[in-house]
Amino acid sequence: MKRPRLFSRAPDPADTSRLIALIRSVEVPPTVPAWFSAQLLHRLRLERTEARRGDWAGALLGWLLQPRHVLAGLALAVLLGSGLGVRRGLQATLHLAEVRYLDAIDPVLVHP
Amino acid sequence: MIPAARLPAWLGFAAVAALSWAAFHSAHVGVERWMEHRGRRGTNALEWIERSFQPDSAALEAMRKVHEAYAKQLGDLASQLNHERRTLAAMVLQRDRWSPEVAAQIARVDEAVARSQVMTWQYLYEISDHLSPAKARVFRREMATATLGASAP
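In order, the protein sequence lines correspond to chains A and B. All letters in the first sequence, in the order written, are residues 2 to 113 by our numbering. All letters in the second sequence, in the order written, are residues 174 to 326 by our numbering.
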């Protein structure tokens, strides 16, 4: 299938040079408004900070999720939980022993 | 807001925290049951002293003898005091007006309290005689706080 031609004739060099002159004559303000620059800079800074923070969190997450670190974390969590539980249990039994001792020796305490 | 990509990791952390809590709870309950099973959870009268002040075996034996010697008298005083208190309560419920009998009963309760206090502190001093002076001071301070509600200076 034959493609349709976009131009009926070859561009005239004189028209082209006039067009170029016209484009050059248009004055574009060399600077953007101050508010625009401020906004742009603010957003750039924000994105940079977020990207840095994301990288830091991602790196930490990546480090933590290595299999040996996961295993170590699990072991540590179980050990820490058990240790604190044993300590708490011993404290509770000691307190109960004191209460029972007092109950046995102090007649002034009200016995319902 | 947690990004969706990191959700599994956060769920993993939550699971580890839950596991840690489960370990804590199991250990806590386990220790209490084990102590109960061993008969050391207050069923031995001097368990608290033994665990808190760690006297040597001779001192512990001497304390046990003191405790046995006083146990019956302290028990009798407790029964008598409870009886006097119940009598006073019944009297107050029965009588609508003040009477000298109520005053007399209050005096009997006070007397029973005083006798109990004397006996208790005599006992506590005899027990603390078998501890080192520093431990004995701590022991008496603990007892004063617990039984008299007073904190030692």
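Built from N, CA and C at the ideal position, the CB exists for glycine as well.
Counting C-beta pairs with one atom in each stretch, the region 216-223 of chain B and the region 231-248 of chain B have three or more that are closer than 8 Å, which means they touch.
Sequence-ordered contacts of the region 77-103 of chain A with chain B read A78, V79, L81, G82, S83, L85, G86, V87, R89, G90, L91, A93, T94, L95, L97, A98, E99, R101, Y102, L103 [C-beta pairs closer than 7 Å].
Fewer than three pairs of CB atoms, one per stretch, sit closer than 8 Å, so the region 299-310 of chain B makes no contact with the region 179-188 of chain B. Out of B:E274, B:R270, B:D249, the CA that lies nearest to the CA of T260 of chain B is found in B:E274. T318 of chain B sits away from D107 of chain A, with the two beta carbons spaced by 8 Å or more. By the neighbour-count criterion, in which a residue is buried when 16 or more other Cβ atoms sit within 10 angstroms of its Cβ, H201 of chain B is buried. By the Cβ-count criterion, Q40 of chain A is exposed, with fewer than 16 other Cβ atoms from all chains shown falling within 10 Å of its own Cβ.
For H240 of chain B, the enclosing alpha helix (DSSP H) covers residues 230-267. For the options B:S225, B:A280, B:V282, the alpha carbon positioned closest to that of H96 of chain A is the one of B:S225.
When B:H256, B:A277, B:A263 are compared, the shortest CA-CA separation from V109 of chain A is found for B:H256.
Burial is judged here by how many other beta carbons sit within 10 angstroms of a residue's own beta carbon; F197 of chain B has at least 16 and is buried. Close partners of D107 of chain A in chain B (Cβ separation under 7 Å): T293, T320.
Per DSSP, P12 of chain A lies in no alpha helix (DSSP H) segment and is marked neither H nor E. Any Cβ of chain B closer than 8 Å to the Cβ of L75 of chain A would place that residue at the interface, and such an atom is present. A direct Cα-Cα distance of roughly 51 Å separates I21 of chain A from W57 of chain A. For the region 36-65 of chain A, the set of residues with a beta-carbon nearer than 7 Å to any beta-carbon of chain B comprises L62, in chain order.
Taking a beta-carbon distance threshold of 8 Å, Y298 of chain B does not count as an interface residue toward chain A. Nearest CB-CB separation between S199 of chain B and chain A: below the 8 Å threshold.
Counting along the chain, D283 of chain B sits inside the alpha helix (DSSP H) bounded by residues 273-301.
For D104 of chain A, the uninterrupted alpha helix (DSSP H) segment begins and ends at 68-106. Interface flag for M236 of chain B against chain A is unset, since no Cβ pair is found closer than 8 Å.
Around the CB of V29 of chain A, fewer than 16 other CB atoms lie within 10 Å, so the residue is classed as exposed. Taking all protein chains shown into account, E284 of chain B has fewer than 16 neighbouring C-beta atoms within 10 Å of its C-beta and is therefore exposed. Scanning chain A for C-beta atoms nearer than 9 Å to the C-beta of M264 of chain B yields nothing, as the closest lies near 17 Å away. Put simply, the backbone Cα of W194 of chain B is about 6 Å away from that of G82 of chain A.
In the three-state reduction of the DSSP assignment, G322 of chain B falls in the coil class. With its beta carbon less than 8 Å from one in chain A, R224 of chain B belongs to the interface. DSSP, reduced to helix, strand and coil, places R270 of chain B outside both helices and strands of the structure shown, so it counts as coil.
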